[in-house]
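Below: one structure, written as structure tokens.
Numbering (the numbering used here), first residue to last: 8 to 187.
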């Protein structure tokens, strides 16, 4: 599969991360009551980058963790007959907090719905916000991101591929054509 278009390069990803970090701080009037939670897999390095930027701006630690939503997906049978469940890593109390879910791409909204179900099993946050690097449209559920790096209109025949250094060895966002 070859790529059709480059959406973001490394510098653009950094700028989007910085902007989202500032927007999270501004919307929540600081960071005292927030917990950043990355959705595995690529939401985790993106969440870590947002946390690092917020800590750089605010000069204090941010509570954060990761969330595995495998068992919460409504398409579980399509994913695998024997799903592998990774553990969640949220070491702070989320009760009464603002949980900011972080993922790389928002598409149908089903991943976010599964993440909200998983969060509610961990605790009872005051509210849940959503930070996304790429919003590509095509929602099947009434879910909207609070913080968006870039809106990218796509067709259903296209794939938005986010690559992060921590997982893929490079920082880039591409659109690829599916091969039918």
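Glycine included, each C-beta is placed from N, C-alpha and C at the ideal position.
Bear in mind that the values here come from a model prediction, so they are computed numbers and not experimental data.
Across the region 69–79 and the region 30–50, are there enough close Cβ pairs to call them in contact, namely three or more that are closer than 8 Å? yes
What does DSSP give as the partner residue(s) for residue 171 in the beta ladder? Residue 171 is not bridged to any residue.
Beta-carbon proximity list for residue 185, same chain, < 8 Å, skipping 5 on both sides: Short of 8 Å from the beta carbon of residue 185, and not among the five residues preceding or following it, lie these beta carbons of its own chain, in chain order: 8, 164, 165, 166.
Who are residue 12's beta bridge partners in DSSP? Under the DSSP definition of a beta bridge, residue 12 partners with 182.
Can you look up residue 116 in the DSSP assignment and give me helix, strand or coil? coil
Do you know whose CA, among 180, 171, 78, 175, lies nearest residue 117's CA? Minimum Cα distance to residue 117 is reached at 78.
For residue 37 and residue 31, I'd like the C-alpha separation in whole angstroms. 8 Å
List the DSSP bridge partners of residue 139. Checking the DSSP bridge columns, you'll see residue 139 partnered with 110, 155.
What span of residues does the alpha helix (DSSP H) with residue 27 cover, start to end? 17–34
Of the residues 56, 183, 16, the one placed nearest residue 27, counting alpha carbons only: 56
Range covered by the alpha helix (DSSP H) that runs through residue 50: In the DSSP assignment, residue 50 falls within the alpha helix (DSSP H) that extends over 50–65.
Considering Cα atoms alone, identify which of 48, 81, 58, 168 is closest to residue 121. For residue 121, the nearest C-alpha among the options comes from 81.
Hey, is residue 12's beta-carbon within less than 8 Å of any beta-carbon in chain D? Annotation note: the requested chain D is absent from the structure, which comprises a single protein chain.
Output the boundary residues of the beta strand (DSSP E) element that contains residue 44. 41–46
My understanding is that residue 123 touches residue 135, with C-beta atoms under 8 Å, so please give their C-beta distance in whole angstroms. In this structure residue 123 is in contact with residue 135, their Cβ atoms being roughly 6 Å apart against a cut-off of 8 Å.
Residues in its own chain within less than 8 Å of residue 23 by CB, not counting five upstream and five downstream? 15, 140, 156, 157
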